[in-house]
Structures are given as structure tokens and as C-alpha cells.
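Under my numbering, the final residue of the sequence shown carries the number 646; numbering is consecutive throughout. Note that the Cβ used here is the ideal one computed from N, Cα and C, for glycine as well.
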Amino acid sequence: MHKLLGVFFLVWFSLQVNAQDSLAVVQDTAKTHSWKRAALFSAVIPGSGQIYNHIAMPKGKKKAYWKVPLIYAGLGAATYFVVKNNMLKNDFRSEYESRKIGNAPSNFLEYDDQSLLTLYTTHRNKRDFAILGLGLVYLLNIVDAAVEAHFVNFDISEDLSLSIHPTMYNSSSYGVSFQFKFR
464 MHKLLGVFFL
474 VWFSLQVNAQ
484 DSLAVVQDTA
494 KTHSWKRAAL
504 FSAVIPGSGQ
514 IYNHIAMPKG
524 KKKAYWKVPL
534 IYAGLGAATY
544 FVVKNNMLKN
554 DFRSEYESRK
564 IGNAPSNFLE
574 YDDQSLLTLY
584 TTHRNKRDFA
594 ILGLGLVYLL
604 NIVDAAVEAH
614 FVNFDISEDL
624 SLSIHPTMYN
634 SSSYGVSFQF
644 KFR
């Protein structure tokens with residue numbers, strides 16, 4: 464236990480700590496890429512946040528524009544299912560109401576009244592799920608733009624590494640060595 468505590472303190476106190484002088488203020492002149500702006504752009508016009516991120520990326524890393532057709536395909540498909548199921552729901556409701564006031568069946572001759580109510584409920588539920596899907600695609604569009612904006616200046620080069628090695632400081636002291644390479 465005593466050796467384990469000694470190794471812990473050795474590793475803890477062997478870390479180098481660098482502090483800045485409080486008087487030295489360095490201003491960053493590089494314009495930062497705003498994730499809030501990317502999210503706002505995508506909220507106003509779906510896909511525009513992805514275009515904003517694509518323009519800000521350095522050459523060779525520009526890959527954000529390919530998501531825009533997928534966003535519009537998802538929004539279009541969800542809108543199609545909302546409209547289609549809403550129209551079917553309305554048709555079944557109007558046929559059922561028409562039959563209840565004494566009119567002869569006109570559109571859906573093969574269905575009785577109970578079947579019309581079941582179909583009405585089914586298509587109402589499908590419409591509601593399609594609305595939920597539409598909202599989900601829209602929300603994922605905004606989240607994707609915000610997350611990708613964080614990675615505009617992210618460095619994923621081969622020069623980044625971490626190596627951990629056991630180290631013996633003297634004949635009775637053991638420790639762990641961490642080595643970070645940033646470039």
C-alpha cells in the first residue's frame with residue numbers, strides 16, 4: 464500500500480504545469496467558426512448550416528455539402544407521408560360521416576362502418592408518426608450542422624499521439640511516463 468501511494472504521488476507531482484502570466488493577454492486574431500450560426504442557418508433554411516460549414520473548412524477537408532440532398536430527401540419523404548395519410552384519413556372520415564346521415568356508400572363500397580373507423584384511426588396514427596419523423600429530420604439537420612461546426616478546425620493529422628510507459632526513477636521508485644506529441 465505504501466509503494467502504491469508513493470507511485471501515485473510520484474506520478475502526480477512529476478507532471479509539468481505551465482501557467483500564463485496574468486499580465487500577458489494574447490488576443491486571438493483568427494476568426495472562429497460559430498456553431499451557433501451554423502445551427503441558426505440550418506434552422507432557418509434546412510441544409511444551409513452544412514453549406515456554411517463546407518465553406519469554412521480548409522481545402523482538402525471540404526465534405527459537408529453532400530448531406531444537403533439527404534436532408535431534403537428526408538424532409539420530402541416525411542412531408543409526402545404526412546399529406547398522403549392526412550388525405551386518406553379525411554376520405555375515410557367523410558365517407559363514414561356520409562353513411563351516418565343516411566347516404567349510400569360512394570367511395571369505399573368494400574368496407575363497412577367499423578372498417579372505415581379502423582382505417583381512419585390507422586391513417587391518423589400514420590400521419591402523426593410522419594409528422595414526428597418530419598420533426599426528427601428537421602432537428603437532426605440542426606444538430607448535424609452544430610456538431611460539424613465544432614469539427615471545422617479539428618486537427619486529425621498523423622502527428623497526434625499519446626504513449627504511456629512504465630518508468631523506474633531510481634532503484635526503489637516506480638512510475639508511469641506519459642508522452643504527448645502534438646506535431
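Can you say whether residue i is buried or exposed, counting buried as having 16 or more other CB atoms within 10 angstroms of its CB?
i      : result
Gln577 : exposed
Glu558 : buried
Val639 : exposed
Lys530 : buried
Glu573 : exposed
Tyr543 : exposed
Ala527 : buried
Lys563 : exposed
Asp575 : exposed
Ala733 : For the chain, the structure presents residues 464 to 646; residue 733 sits outside this window and is missing.
Asn633 : exposed
Measure the C-alpha to C-alpha separation of residue i and residue j and round it to an integer number of angstroms.
i      : j      : result
Pro712 : Lys644 : Here the chain has residues from 464 to 646 only, and residue 712 is not among them.
Phe614 : Pro509 : 19 angstroms
Tyr583 : Gly598 : 23 angstroms
Ser561 : Leu602 : 40 angstroms
Ala502 : Ser626 : 37 angstroms
Asn548 : Leu533 : 22 angstroms
Glu611 : Phe504 : 13 angstroms
Lys647 : Ala541 : Past the boundaries of the shown model lies residue 647; the chain is included only from 464 to 646, so the question cannot be answered.
Thr495 : Ala519 : 10 angstroms
Is residue i helix, strand or coil by DSSP?
i      : result
Leu579 : helix
Gly565 : coil
Asn616 : coil
Tyr574 : coil
Leu486 : Only weak support is given to the placement of Leu486: the predicted model assigns it a pLDDT of 49, under 50, and the question is left unresolved by the model.
Between the options, which lies nearest to residue i when the distance is taken from Cα to Cα?
i      : options                        : result
Val507 : Phe544, Ile605, His613, Phe617 : Ile605
Val546 : Arg590, Leu582, Gly510, Gln513 : Arg590
Arg556 : Thr585, Val531, Lys530         : Thr585
Gly539 : Gly523, Ala519, Val600, Phe617 : Val600
Tyr535 : Pro521, Lys525, Leu551, Ser511 : Ser511
Ser569 : Asp554, Leu595, Thr581         : Asp554
Gly537 : Lys525, Gly596, Ala609         : Gly596
Phe641 : Ser634, Ser624, Ser635         : Ser624
Check whether chain B comes within 8 angstroms of residue i, counting only Cβ atoms and requiring the distance to be less than that.
i      : result
Leu572 : No chain B appears in the structure shown, which is made up of a single protein chain.
What alpha helix (DSSP H) runs, 4 residues minimum, are completely inside the stretch 492 to 572? 498 to 507, 511 to 519, 530 to 563, all fully within the stretch 492 to 572.
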